[in-house]
Amino acid sequence: MDLNKLEKQQNICFVLPTYNEEGTIESTIEQIKAEEKKQNTYKFSILVVDDNSTDQTQAIVRKVIDSSENIYLITGQKKGLGDAYKRGFLFALDTLEAVVVFQMDSDGQHDASLVPEFLKEIKAGKDVVIGSRFIAGGSTPDFSLFRLLISRVGNLLVRYVGGVVNIKDCTSGYRAIKSSFLRDLDFSYLSIRGYSFQSSLICGLAWRGAVISEIPIIFKSREAGDSKLSFRDQIEFLLNIPRLGFRNIEDFVKYSLVGFSGVVINLGTYAFLTRYYNFSEAIAPLLSIEAALISNFLLNNFWTFGSRSNQSRVRVKFFKFHLVSGLGALINYLVFLLLFFVLEVHDIFANLIGIAFAAVVNYLINSNWTWKDNK
Ligand SMILES: Nc1nc2c(ncn2[C@@H]2O[C@H](COP(=O)(O)OP(=O)(O)OP(=O)(O)O)[C@@H](O)[C@H]2O)c(=O)[nH]1
Ligand SMILES: [Mg+2]
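So, in structure tokens, the structure goes:
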């Protein structure tokens, strides 16, 4: 059997989201088509997902469709880049039956001549390949210092809160993804706007065990038109960060129950030491806090996170847990000071919010660092 011929039938779909990209959409399509001609392994199809552009984007795409094969256009209302991608993915999977789906911008910022590099990685067994600006060889030569800072800090947040520390560029819009992994995803969980869609998607893929690699890209300025990503996208990105850490609500409920049990242990030990053993009020709290920490640690280690595969030694986790708890106490204190002295919130309520805030931060760090799942 001619293996090449068999593979030739496999379809790779490039999903190109557009909103007012009349200056670049045609050349983007042409460059992808040129890459198809250079290889004879796969059939390329191109899906433009346009959200009712007010310029000539749709007219240009329709003209290109008339003169070439395997180019498709779907349209919809503008709700955000993520929403456009969801519709595009479903079309690529269900209607076009693509085996690999590419995400790519339509403004000339993503160099189509790198497509063979992505495919090399896919053929080598990777499930997801990211065009990365933040690994050796990658760069963002035209970013302002401010945009670079936002991008870097944003990536750090996603990596550490989302538990994907090894991925250097979580918001890149240039990726190749094996369809089998996309099919498994619950799209309704993913946010709909720009950067936050990209980060939720990559976390979702990583949590499902996708083997992910990065290849360097140079991300220059767009070739024409204006940026579509707005301040609103940035706000949604920030609001979405905690969600990335809460992928497993059951773990958080267990963690909270352990936290409550710690309060009981803390109070009980204190009462026991002061009433039965005459410990002083200066020493007893130190021992009761440590008793609660030990009990919380053991319950979290063997119950809350008991099923996680984590190769760290128990004493390393024990040390990390203490560090995180110290940080939690500091956060609790600072939030209390801010609310009580600056915002004049009632003291009990201020402390309650401080405790809740610290509990959430503690959970996120413990879940993604102390007991990081290495599956
Ligand atoms: N269909 C659709 N496409 C969108 C939407 N928002 C952005 N896009 C497209 O998504 C791609 C990425 O958006 P850009 O504005 O280029 O974002 P960016 O690359 O971070 O910003 P620049 O560097 O300024 O270009 C472009 O092809 C846009 O046309 C949307 O709401 N709907
Ligand atoms: Mg762009």
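Here my numbering is used: the sequence shown runs in plain steps of one and ends on residue 1144.
Every residue gets a Cβ at the ideal spot worked out from N, C-alpha and C, and that includes glycine.
- Inter-residue distance for F813 and G894 is about 20 Å (C-alpha atoms, whole angstroms).
- Boundaries of the beta strand (DSSP E) around E983: 981–985.
- Per the DSSP secondary-structure output, G900 pairs in a beta bridge with I984.
- Within a 10 Å sphere around the beta-carbon of P910 sit fewer than 16 other beta-carbons, which makes this residue exposed.
- A straight-line Cα-Cα distance of about 59 Å links K848 and I1052.
- Per the Cβ contact rule, the region 977–988 is not in contact with the region 996–1011 (fewer than 3 Cβ pairs under 8 Å).
- In the structure shown, the three-state DSSP call for Y841 is strand.
- In terms of CA proximity to E799, K832 leads the group D824, S822, K832, Q779.
- Boundaries for L959: no alpha helix (DSSP H) harbours it, and the DSSP string shows neither H nor E there.
- A distance below 9 Å separates the beta carbons of D876 and R991.
- Assignment of beta-bridge partners to V1114 by DSSP yields no partner.
- With distances taken between CA atoms, L1096 lies nearest to A1127 out of I1122, A1127, A1119.
- Judged by DSSP secondary structure, N780 falls within the beta strand (DSSP E) whose first and last residues are 780–787.
- Taking a contact as a CB-CB distance under 8 Å, the pair K937 and F903 counts as one, their CB atoms being some 4 Å apart.
- For K889, the uninterrupted alpha helix (DSSP H) run begins and ends at 884–892, by DSSP.
- Residue environment for K889: exposed (fewer than 16 other C-beta atoms within 10 angstroms of its C-beta).
- Taking 8 Å as the cut-off, one finds no heavy atom of ligand 1 near enough to the beta carbon of V1022.
- Each of S968, Y943, A867, G973 was checked against the Cα of D955, and the nearest Cα belongs to G973.
- Below 8 Å, enough C-beta pairs join the region 1132–1143 and the region 1067–1087 to call them touching: three or more.
- No heavy atom of ligand 2 is found nearer than 8 Å to the CB of Q872.
- Inclusion of S996 in the 8 Å shell around ligand 2 follows from its C-beta lying nearer than that to a non-hydrogen atom of the ligand.
- In this chain, the alpha helix (DSSP H) harbouring D852 covers 850–859.
- Rounded to whole angstroms, I1117 and V1104 show a C-alpha spacing of 12 Å.
- Contact between L951 and F858 holds: CB atoms are separated by about 6 Å, below the 8 Å threshold.
- Uninterrupted alpha helix (DSSP H) stretches at least 4 residues long and entirely within the region 905–963 occur at 914–930, 948–952, given in chain order.
- In this structure, A993 lies away from G851, with their beta-carbon atoms at least 9 Å apart.
- Here S814 carries a strand assignment [DSSP, helix/strand/coil].
- Under the DSSP assignment, V868 falls outside any beta strand (DSSP E); it carries neither an H nor an E label.
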